[in-house]
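For reference, the structure discussed in these notes is given below.
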Amino acid sequence: MKFIHTALLVLFILALTACNLTLAEDLTPPPGYASPTPEPTLGPSYPLAPPDPLRGATIYTEKCAPCHGATGMGDGPQGLQLPVPVPALGLPEVARLAVPSDWYAVVTRGRMEKMMPPFASLTDQQRWDVIAYTLTLSLPPDQVEAGRLLFEANCSACPPSLFQDQARMTFLSQRALMQWLQDGGDGLPALGNDLTESELWSMAAYLRTLSFAPPLSAQTTAPATPPGLLAETLVESAPEAATNLTPTGTVSGTVVNGSGTALPSGLKIVLHGFDQDASGRVTEEVTLEAFLKEDGTFAFDNVPMPLNRVFIAVVEYGGVEHTSALAYAQEAQSGLTLPITLYETTTDTSALSVDRWHIFLNFETPGLVQVIELLVISNPENRVVTSAAPEEPVLSFNLPEGASNLQFENGQLGDGRYIRTANGFGDRAPIRPGMGAFQTVFAYDLPYARSLELSRFTSLPVVSAMVMAPEGIKVQGDLLQRGETRQFQDTNVTIYNTQPLPAGAMLTFTVSGKPRTGTMVNPADQQTLLLTLTVLGLVLIFAGLYLFWRERSRPAPEAQPEPLDTDSLMDAIIALDDLYKAEKLGEESYQTRRAELKSLLKERLQNK
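Residue 7 is where the sequence shown starts when you use my numbering, and the numbers rise one by one after that.
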């Protein structure tokens with residue numbers, strides 16, 4: 007599972023806010039377009055006040071949950087439409103490595119090379135709040151409570167103020183806290199010989215919460231307040247304690263058949279509502295059912311709608327779940343609208359195509375080569391592609407003879423999605439309509455002794471394929487052309503490209519040589535590099551156009567900027583083409599921007 011968890015960790019930065027980028031406004035770059043202005047400066051490297059996960063939950067719900075999901079499992083409805091897997095921020099394996107100060111720097115400055123814009127609209131404290139909430143996604147309340155009891159039993163003389171020191175805690179990951187507890191020092195006894203690893207993680211989880219603002223329930227001096235009443239101390243302006251009447255409202259919506267056929271009758275709509283508890287953990291509080299009316303509408307009346315409760319509506323049709331976008335209750339709001347688009351199903355895969363097929367060769371383990379494959383698949387039709395029978399796959403993938411240690415970015419064989427086939431494996435996940443609407447990432451090992459012939463079959467037409475190998479490895483094949491060599495984290499990687507491949511094509515190439523010692527990656531960073539490279543093509547495509555997204559509201563810098571180079575301009579043109587094909591850019595805007603970019607590109611080429 008190492009591959010899976012590290013994949014999520016790497017793609018955290020790539021996908022954290024990708025779903026917030028839109029072309030809803032006019033994006034025409036001004037004449038003499040200027041390169042990016044200096045990045046925003048960082049505020050204090052630690053919060054001036056304890057970060058509040060509850061306030062951060064509101065920010066997370068608005069800016070992050072549509073992609074990452076309410077519980078941070080990477081299952082947000084908008085994230086499912088992205089061409090890259092959305093990382094599961096709620097996984098302990100991700101959060102335990104996170105250093106809050108590092109996350110703050112990324113949230114503040116962004117990471118242009120990884121499609122991450124800065125959150126300039128948030129104050130410093132709001133950035134710390136949302137970081138705190140994100141950390142709580144991997145801290146279950148029962149684990150925190152177990153950690154508290156262990157701390158009181160084993161470290162009663164330890165001053166809690168050590169862990170309320172923002173200047174200290176901001177630079178400590180959960181792993182560092184656990185190591186501190188294990189080894190002791192600086193006021194802590196060494197507990198490594200007395201507690202299990204699981205108990206040490208529980209204590210570290212509790213210590214992390216000590217650096218957060220206490221929940222409101224811990225701030226009130228009236229713990230015996232009956233349920234349904236607010237303590238006067240919580241609302242100083244209230245002349246007397248008042249009944250905490252939860253506001254109610256109507257959640258309604260319309261179901262549309264995106265396939266153009268009549269809506270079926272008797273569809274059941276399920277409404278889910280989620281809250282954040284005192285520790286910042288998201289829990290489901292509402293589950294209601296209603297049936298679709300003849301006019302295609304549905305409504306849930308008298309739904310409890312406390313501030314910031316998150317709602318999503320789900321309908322199952324043809325064995326596929328279709329969801330609305332997330333919406334959250336706001337103050338003095340009497341209702342929410344959650345439209346849903348569903349689609350008919352088909353078993354015909356002939357319209358599917360592979361937009362990008364990336365193959366990376368990893369030589370970290372002596373005597374083996376790990377082959378990592380990423381496929382981004384488009385469905386241009388208005389129907390969801392499903393399997394002919396529940397036990398059959400939607401798509402099948404062959405594996406080379408001798409392949410072992412099959413791993414997946416999300417799941418495992420026998421988990422319901424992936425099944426073993428005679429020549430490899432099958433994927434049972436439905437493929438929804440949309441460009442790049444489906445992706446799969448898998449890896450396997452092959453024996454390697456200085457050389458290897460690898461043949462990869464594609465049952466679908468492929469628009470673009472590339473093989474990536476570290477320096478020192480030679481890749482040769484009739485369909486491959488050697489491209490550029492790039493450096494990533496001190497590792498030189500050579501990219502080999504293909505022309506478009508028809509369905510039924512066999513991509514065969516030989517691999518020989520040995521990675522140069524100077525190009526090998528530190529084992530701790532190896533998998534991070536590999537997954538970064540698998541989305542290399544996506545980063546290149548979006549990087550050029552994102553310059554315009556980021557700069558559309560900023561004034562031009564005073565200094566004369568460096569002009570865009572030819573590669574950046576070509577990337578921007580490709581990005582425009584992709585967005586136009588995906589119907590995310592109007593005809594007039596597309597033609598205008600493309601002409602401007604082509605003119606700039608022609609000028610750069612003539613001046614070379």
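Quick reminder that beta carbons are idealized off the backbone N, C-alpha and C, glycines included. Quick caveat: nothing in here was measured; it's all calculated off a predicted structure.
Query	Result
Would you call THR179 buried or exposed, if buried means 16 or more other Cβ atoms sit within 10 Å of its Cβ?	In the sequence as presented, Thr is not what sits at residue 179; that position holds Ser. With 16 or more other Cβ atoms within 10 Å, it is buried.
Would you mind working out which of GLY519, THR491, ALA471, LYS480 sits nearest ASN503, comparing C-alpha positions?	ALA471
State the DSSP-derived secondary structure class of ASP361, mapped to helix, strand or coil.	strand
When the Cβ atoms of the segment 445-462 are set against those of the segment 498-516, are three or more pairs found closer than 8 Å?	yes
What's the C-alpha gap between LEU273 and PHE280?	23 Å
Do THR329 and SER258 have their CB atoms nearer than 8 Å?	no
Could you check the C-alpha separation between ALA509 and VAL261 for me, to the nearest Å?	36 Å
Provide the residue(s) that pair with PRO310 in DSSP beta bridges, ordered along the chain.	THR254
Please state whether DSSP places GLY75 in a helix, a strand or coil.	coil
Using DSSP with H/G/I as helix, E/B as strand and the rest coil, what is ALA335?	coil
What is the rounded straight-line gap between the Cα of LEU405 and the Cα of LEU97?	29 Å
I'd like to confirm the pairing. Which residues does DSSP put opposite ASN503 in its beta bridges?	MET472, GLN487
PHE306 and LEU332: beta carbons closer than 8 Å?	no
According to DSSP, is GLY153 part of a helix, a strand, or is it coil?	helix
On the CB-based measure, 16 or more other CB atoms within 10 Å of its CB, does ALA94 come out buried or exposed?	buried
Alpha carbon to alpha carbon, how far is PRO72 from SER265? Give it in angstroms, no decimals.	24 Å
Return the residue from the list ASP135, GLY153, THR254, GLY255 that minimises the CA-CA distance to GLU205.	GLY153
Using 8 Å as the Cβ pair cut-off and three pairs as the minimum, do the segment 369-380 and the segment 439-448 touch?	yes
Taking its Cβ as the centre, do 16 or more other Cβ atoms sit within 10 Å of LEU419, making it buried, or is it exposed?	exposed
DSSP three-state label for ARG181, please.	helix
I'd like the ranges of any beta strand (DSSP E) spanning at least 3 consecutive residues and lying wholly in the segment 427-477.	430-433, 440-453, 457-463, 468-476
Buried or exposed: which applies to MET175, given that a residue is buried once 16 or more other Cβ atoms fall within 10 Å of its Cβ?	buried
Can you tell me where the alpha helix (DSSP H) holding ARG115 begins and where it ends?	106-115
With respect to the alpha helix (DSSP H) encompassing ALA395, which residues constitute its N-terminal and C-terminal limits?	Where ALA395 is concerned, there is no enclosing alpha helix (DSSP H), given that its DSSP letter is neither H nor E.
Just reading off the beta strand (DSSP E) that TYR323 is part of, what are its end residues?	316-323
Between ALA435 and SER384, how many whole angstroms is the CB-CB distance? I'm expecting something under 8 Å.	So it is not a contact: roughly 15 Å between Cβ atoms.
If I follow the unbroken beta strand (DSSP E) through SER384, where does it start and stop?	374-385
Taking the beta strand (DSSP E) that SER518 belongs to, which residues open and close that run?	512-519
Comparing alpha-carbon positions, which option in ALA338, PRO312, THR351 lies nearest THR267?	THR351
If distances are taken between C-alpha atoms only, which option among ARG102, TRP186, ALA210 comes closest to PRO195?	TRP186
Residues bridged to TYR212 by DSSP?	DSSP, once it has assigned bridges, lists no residue as partnering TYR212.
From the DSSP secondary-structure annotation, give me the bridge partner or partners of GLY341.	THR256
Report the partner residues of THR353 according to the DSSP bridge assignment.	Paired residue(s): none; THR353 is not in a bridge.
Residues in the same chain with beta-carbon distance under 6 Å from PRO106, minus the five sequence neighbours each way, listed in chain order, please.	ILE137, THR176
Ignore the nearest five residues each way along the sequence and tell me which others in VAL481's own chain have a CB closer than 7 Å to its CB.	VAL473, ALA475, TYR502, PHE515, VAL517
Which residues does DSSP list as the beta-bridge partners of ARG389?	GLU350
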